[in-house]
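K.L.:
Anchor point for the sequence shown: position 40 equals 40 in full-length UniProt numbering, and the numbering is continuous, going up by one each time.
Backbone N, C-alpha and C fix where the C-beta goes; we use that ideal spot for every residue, glycine too.
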Amino acid sequence: MATLDGIDRRLLAELQDEGRVTNVELAQRVGLTAPPCLRRVRALEEAGVIRGYHADLDPAKLGFAITVFALVSLKSQAEESLRQFEEHMRTLPEVRECHMLNGEIDFILKIVSRDLQSFQEFLTSKLTPAPNVASVKTSLTIRTAKQVPGVPFTE
């Protein structure tokens, strides 16, 4: 875990909330001048604390009306089998998140699709026949009450 001081934490909280803030504005918000602010942000990027920046897109407005969570059990939990499954999931653009779990379910996937028919095609042609898949249980989201990226920052 990275050693962070209070200014680093404020920088991260501000960037997590608004990744497009200018360096000058960011510096003002955390009580620095622009040059040391930029140095600190670059140091956090180089340390891998800040992994990247992205736009928060609305899937429905881009034609992806369906979000599904899939619980996947594998036939084998050998490390090579797990790696092959993870690598296959990286090749499927519909799979937006892939998390390995402990317990009786091996993976949970977050999948987006244009509609139910498209999801059904994805499920039967790409997910269930994937290497080492024993079973897939899916749940369609009805609504999302909270979706917050990152981590909570408290002083």
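1) Any chance you could list the alpha helix (DSSP H) runs of at least 4 consecutive residues sitting entirely within the segment 110 to 146, in chain order?
2) On the CB-based measure, 16 or more other CB atoms within 10 Å of its CB, does F119 come out buried or exposed?
3) Give the single residue among P129, R114 and P149 whose Cα lies nearest to the Cα of A65.
4) Counting Cβ pairs closer than 8 Å, one from the segment 29 to 37 and one from the segment 96 to 103, do we hit at least three?
5) Using only CA atoms, which one of Q147, R9, L38 and I50 lies nearest to N23?
6) In angstroms, rounded to a whole number, what distance separates the CA positions of L44 and L57?
7) Taking I7 as part of the beta strand (DSSP E), name the residues at either end of that continuous run.
8) Taking 7 Å as the threshold (C-beta atoms), are E94 and V112 in contact?
9) How about the segment 77 to 85 and the segment 129 to 139: do they share at least three Cβ pairs that are nearer than 8 Å?
10) Going by DSSP in three states, S81 sits in which element: helix, strand or coil?
11) Which value, in whole angstroms, describes the spacing of the CA atoms of R143 and L116?
12) For residue 209, write down the residues that DSSP places opposite it in a beta bridge.
13) Where does the unbroken alpha helix (DSSP H) through L44 begin, and where does it stop?
P.N.:
In this structure, then:
1) Counting only runs of 4+ residues, the alpha helix (DSSP H) found wholly inside the segment 110 to 146 occupies 116 to 122, in chain order.
2) Residue mapping note: residue 119 aligns to position 119 of the sequence shown, counting from 1. With a 10 Å radius around the Cβ and a threshold of 16 neighbouring Cβ atoms, F119 comes out buried.
3) Here residue 65 is taken as the residue at index 65 of the sequence shown, counted from 1. Ranking P129, R114 and P149 by Cα distance to A65 puts R114 first.
4) No, the segment 29 to 37 is not in contact with the segment 96 to 103.
5) On the sequence shown, residue 23 is found 23 positions in, with the first residue counted as 1. Of the listed residues, the one whose Cα sits closest to N23 is L38.
6) Working through the sequence shown from its first residue, we reach residue 44 at position 44. Working through the sequence shown from its first residue, we reach residue 57 at position 57. Rounded to whole angstroms, L44 to L57 spans 25 Å at the Cα level.
7) The residue you call residue 7 lines up with position 7 of the sequence shown. Counting along the chain, I7 falls outside any beta strand (DSSP E), though it belongs to the alpha helix (DSSP H) covering G6 to D17.
8) As a first step, residue 112 is located in the sequence shown; it is residue number 112 there, counting from the start. As a first step, residue 94 is located in the sequence shown; it is residue number 94 there, counting from the start. For V112 and E94, yes; Cβs fall inside 7 Å.
9) Segments in contact, yes.
10) Sequence index remark: in the sequence shown, residue 81 carries index 81 (1-based). DSSP places S81 in helix when its eight states are reduced to three.
11) Working through the sequence shown from its first residue, we reach residue 143 at position 143. Working through the sequence shown from its first residue, we reach residue 116 at position 116. Near 16 Å, if we compare the C-alpha coordinates of L116 and R143.
12) Given that the chain is displayed from residue 1 to residue 155, the structure contains no residue 209 and the question cannot be resolved.
13) The residue labelled residue 44 in the question sits at position 44 within the sequence shown. Element bounds for L44: A34 to E46.
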